[in-house]
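If you read the sequences in order, they're chains A and B. Under our numbering, residues 64 to 439 are what the first sequence spells out, in order. Under our numbering, residues 64 to 439 are what the second sequence spells out, in order.
Number of protein chains: 2
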Amino acid sequence: MHYKRFIMMLPNLSLINVNSNQGARGCFHQRGWKPCLKSAVLCTFGSFLLLFLCDCDAAGSEFSRISESQSSRQLTLTERISEIGFSQTIEVSDVLLETRSSFQDIKIYQSPHFGKVLVLDDVVQITERDGDSYNEMMAHIPMMAHPSPKRVLVIGGGDGYVLSEVLKHPSVEHVDHVDLDAEVIDVCRKYFPWGDAWDDPRVRLHTVDGSSFIRNAQKGFYDVIVQDSSDPFGDDGEILPSSVLYEKEHFHHLYAALADNGVFNFQAETLGIPSDFNGILKWRSLLLADDMFKAVRYGTIAIPTYPTGQIGFLLCTKKKETAVMNERKMASIRERFNAIEENHMGTTYYQPRLQISAFDLPLAAERRIYGSDFVL
Amino acid sequence: MHYKRFIMMLPNLSLINVNSNQGARGCFHQRGWKPCLKSAVLCTFGSFLLLFLCDCDAAGSEFSRISESQSSRQLTLTERISEIGFSQTIEVSDVLLETRSSFQDIKIYQSPHFGKVLVLDDVVQITERDGDSYNEMMAHIPMMAHPSPKRVLVIGGGDGYVLSEVLKHPSVEHVDHVDLDAEVIDVCRKYFPWGDAWDDPRVRLHTVDGSSFIRNAQKGFYDVIVQDSSDPFGDDGEILPSSVLYEKEHFHHLYAALADNGVFNFQAETLGIPSDFNGILKWRSLLLADDMFKAVRYGTIAIPTYPTGQIGFLLCTKKKETAVMNERKMASIRERFNAIEENHMGTTYYQPRLQISAFDLPLAAERRIYGSDFVL
Chain A
64 MHYKRFIMML PNLSLINVNS NQGARGCFHQ RGWKPCLKSA VLCTFGSFLL LFLCDCDAAG
124 SEFSRISESQ SSRQLTLTER ISEIGFSQTI EVSDVLLETR SSFQDIKIYQ SPHFGKVLVL
184 DDVVQITERD GDSYNEMMAH IPMMAHPSPK RVLVIGGGDG YVLSEVLKHP SVEHVDHVDL
244 DAEVIDVCRK YFPWGDAWDD PRVRLHTVDG SSFIRNAQKG FYDVIVQDSS DPFGDDGEIL
304 PSSVLYEKEH FHHLYAALAD NGVFNFQAET LGIPSDFNGI LKWRSLLLAD DMFKAVRYGT
364 IAIPTYPTGQ IGFLLCTKKK ETAVMNERKM ASIRERFNAI EENHMGTTYY QPRLQISAFD
424 LPLAAERRIY GSDFVL
Chain B
64 MHYKRFIMML PNLSLINVNS NQGARGCFHQ RGWKPCLKSA VLCTFGSFLL LFLCDCDAAG
124 SEFSRISESQ SSRQLTLTER ISEIGFSQTI EVSDVLLETR SSFQDIKIYQ SPHFGKVLVL
184 DDVVQITERD GDSYNEMMAH IPMMAHPSPK RVLVIGGGDG YVLSEVLKHP SVEHVDHVDL
244 DAEVIDVCRK YFPWGDAWDD PRVRLHTVDG SSFIRNAQKG FYDVIVQDSS DPFGDDGEIL
304 PSSVLYEKEH FHHLYAALAD NGVFNFQAET LGIPSDFNGI LKWRSLLLAD DMFKAVRYGT
364 IAIPTYPTGQ IGFLLCTKKK ETAVMNERKM ASIRERFNAI EENHMGTTYY QPRLQISAFD
424 LPLAAERRIY GSDFVL
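The following block contains the structure:
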């Protein structure tokens, strides 16, 4: 799952607004399994609640205040990206679960519009309403790019949604799912409709960290690897723990673990945030260097509850021709897609035409990403 | 231009948040030239400011409070769409212009990230940063769908951006631009880089309302009509003044004013808001009924500062084959696009491949819009 940069507000009686004046969105980042937001102090003044979210190691400071609301109970989850002076808020109505694992706080909220919302360490991870876009695209784009994926590795994605999409492909014989926190998996298994993914006999769950798993993985074993991880760095260039999953060494291990015709797909941030865009350029050159992947392409996904309504992925193929879509391949993808639908395991966002369209970006973005290789 | 549903906050010393508890986003709609938000009362309590935005004729009520900020001067523009429990805020740093025309308040702000922001009657209309996406797509998709557009009509779009994009096409001989408020045009002419659009000798400006202009337009005159208008109704079905531009009679007049191979394109709201989606379905059936347009297709645009990061258009063609893109047509579009670029009038968002890709929607959306006509 994409570990989003949300600030969570927890009033019992009031609508809350948090306004942060820190200089960079970095301190709101979910930092892998070591969250940035380390303490929260709740104070009650009459019918008002005041919540201060304190970032212990960020240079900036945060400020929050609960405003009186005419609604008797309204919870909001607000994310601010100070790099672009933009924030967004979703409203939730009920707390369904509050617990803590060895690694983090785990919460599930009910939103009238967005359905159940998974929140880890005060960071929104997924909503039932628009989670299909991100997770279906993360899974089916690489699965369909490969002609017949049998062995799949999913790194991260502890909510299980990417895993459940991968399992819709009847060619799959074996899936390794690598995530650190077994308790998140237990919670998602219970609360989300895709929660039976881990019961599939093809799945082997490994509760270890992704970078060490891939370092020891069998060479040439996997047809497809999907990395659904947290963000690697903040807007100010601050290095976050998950950045090891975006580094040269890790990419080399991933490459080595893939079969000759292998496909690697990973969460690669947002076009509309400048530091994210710089990340896309940097990762792409790492992945193409040292005689590694022959094609690395950025694909785009529309998703209302992710900042700026957009998130993307980098699809990396060992063979250049694997990335090329032609009529013959598209016909095969449509056939495979029809078979999935006939098995009553269809999608709601992914459709075969997006196998081409998702890579058609705004002109200026394509020019920056592909440089002299850009063609109209 | 798309008349967005923003609430604008105006502190001098503080960061402001407005939280509305109304039942429908309708009362935040820009209602054509008769704005919904009719009065604002500013009260000062010590270092705090309280802003109440009063909707004089909406059933719901609004509540706002300015929170103290550690920043000495921070202005924010917040839009809330209560239908989906979602809101977003952009931060601006300076007020560049505050004036009033016969019809509305006109303001221009500076945003550190989004550039200049045009605000009419407390409703954000356009930002320099991401205005390219909406305006380039609104203009070039229909212009490129037509083999050689000579006579063009732009309804609305008082900021001039769509007009300036239309004028990039060397085939254009005559453009009628119809908008009501000459003062908005004067302001945009001065403040925005595309403000010289009205100086083009091919342009005739008509300051009248679009529905009466089209009623009296010469039959079969226009090759392309672009309608860049405000939203037609609120989430609760509330009818807004611009709804006349989305009604059967108006669509018939538009159809009649188009040449045999004519193309009509108009702002058609957001996939992610249920009432907007119902509008798309309704307008599409009106446009296809009574032996009118032969193809009506929804295209999508990614734009961070519009709610949910997405807006769309309905492209309507008198001939079915005009809507079909094939290799021969795409080659011609690429040639025309190259010629525009060689004239140093290139785009930053629109590129020829979007002429196909923009119509590839999430699967569930396509299934609802096209029903039994849907093909993978």
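We treat Cβ as the ideally placed atom computed from N, Cα and C, and that holds for glycine. Here the structure is a predicted model, which is why all the values come from computation and not from measurement.
If we call anything under 8 Å between Cβ atoms a contact, is serine 420 of chain B one with serine 420 of chain A? yes
Taking Cβ positions only, does aspartate 294 of chain A come closer than 8 Å to chain B? no
Taking Cβ positions only, does serine 174 of chain A come closer than 8 Å to chain B? yes
Using a Cβ-Cβ cutoff of less than 6 Å, which residues in the same chain neighbour isoleucine 364 of chain A once the five nearest sequence positions on both sides are dropped? Ser196, Tyr197, Met200, Ile374
For chain B, is any of its Cβ atoms less than 8 Å away from the one on phenylalanine 314 of chain A? no
Counting only beta-carbon atoms, is aspartate 423 of chain A nearer than 8 Å to chain B? yes
Less than 8 Å between CB atoms is the rule here; does isoleucine 343 of chain A satisfy it with respect to chain B? no
Residue(s) in a DSSP beta bridge with threonine 139 of chain A: A:Glu154
Residue range of the alpha helix (DSSP H) that glycine 342 of chain B falls in? 337 to 351
Can you tell me which of the three DSSP states serine 174 of chain B falls into? strand
Taking Cβ-Cβ distances shorter than 7 Å, what residues in chain B pair up with isoleucine 147 of chain A? His176
Does the contact criterion of 3 or more C-beta pairs under 8 Å hold for the stretch 200 to 219 of chain B versus the stretch 425 to 433 of chain B? no
Beta-carbon of glutamate 154 of chain B versus every beta-carbon of chain A: anything under 8 Å? yes
Let me know the secondary structure DSSP gives lysine 392 of chain B once reduced to three states. helix
Helix, strand or coil for serine 124 of chain B, going by three-state DSSP, please let me know. Reliability fails at serine 124 of chain B, whose pLDDT of 23 lies under 50, so the model's placement of it is uncertain and the value that follows must be treated cautiously. The answer is coil: DSSP assigns serine 124 of chain B none of H, G, I, E or B.
Per-residue burial, lysine 170 of chain B [other beta carbons within 10 Å of its own, 16 or more giving buried]: buried
Relative to the C-alpha of isoleucine 147 of chain B, which candidate in B:Cys379, B:Met393, B:Arg397, B:Thr371 has its C-alpha closest? B:Thr371
Can you list the residues of chain B that glutamate 429 of chain A reaches, using a CB-CB cut of under 8 Å? Gln414
Beta carbon of valine 266 of chain B nearer than 8 Å to that of leucine 226 of chain B: yes
Kindly indicate which residue of B:Pro367, B:Cys379, B:Glu228, B:Ala352 has the alpha-carbon position closest to the one of phenylalanine 471 of chain B. Lying outside 64 to 439, the shown extent of chain B, residue 471 of chain B is not represented and no answer is given.
Using a Cβ cut-off of 9 Å, pull out every chain A residue sitting near arginine 397 of chain B, in sequence order please. Leu439
Reducing DSSP to helix, strand and coil, say where glutamate 191 of chain B ends up. coil
If you draw a straight line from the alpha carbon of proline 205 of chain B to that of valine 287 of chain B, how long is it in whole angstroms? 7 Å
Starting from aspartate 291 of chain B, follow its DSSP beta bridges and name the residues at the other end. B:Gly219
Within-8 Å CB hit, phenylalanine 284 of chain B to chain A: no
Going by C-alpha distance, which of A:Leu230, A:Ile366, A:Ile277 is nearest asparagine 406 of chain A? A:Leu230
Go through its chain and collect everything with a Cβ distance to phenylalanine 376 of chain A's Cβ below 8 Å, but skip five positions before and after it. Met200, Met201, Ile204, Asn328, Phe329, Gln330, Ala331, Tyr361, Gly362, Ile364
Proximal residues of chain B, C-beta to C-beta of glutamine 151 of chain A below 8 Å: Phe149, Ser150, Gln151, Thr152
Decide if the stretch 233 to 248 of chain B is in contact with the stretch 267 to 287 of chain B; the criterion is three or more beta carbon pairs, one per stretch, under 8 Å apart. yes
Which of helix, strand or coil does DSSP assign to tyrosine 309 of chain A? helix
Own chain, CB closer than 6 Å to histidine 316 of chain A, minus 5 neighbours either side, in chain order: Ile277, Arg278
When DSSP builds the beta bridges, which residues end up paired with arginine 214 of chain B? B:His237
Give, in chain order, every residue of the stretch 338 to 365 of chain A whose Cβ lies closer than 8 Å to some Cβ of chain B. Thr363, Ala365
Cutting at 7 Å between CB atoms, please list the residues of its own chain near phenylalanine 108 of chain B, excluding the five before and the five after it. Note on phenylalanine 108 of chain B: pLDDT 29, under 50, position unreliable in the model; no value is reported.
Per-residue DSSP class, three states only, for methionine 207 of chain B: helix
C-beta neighbour in chain A for serine 227 of chain B, strict 8 Å: no
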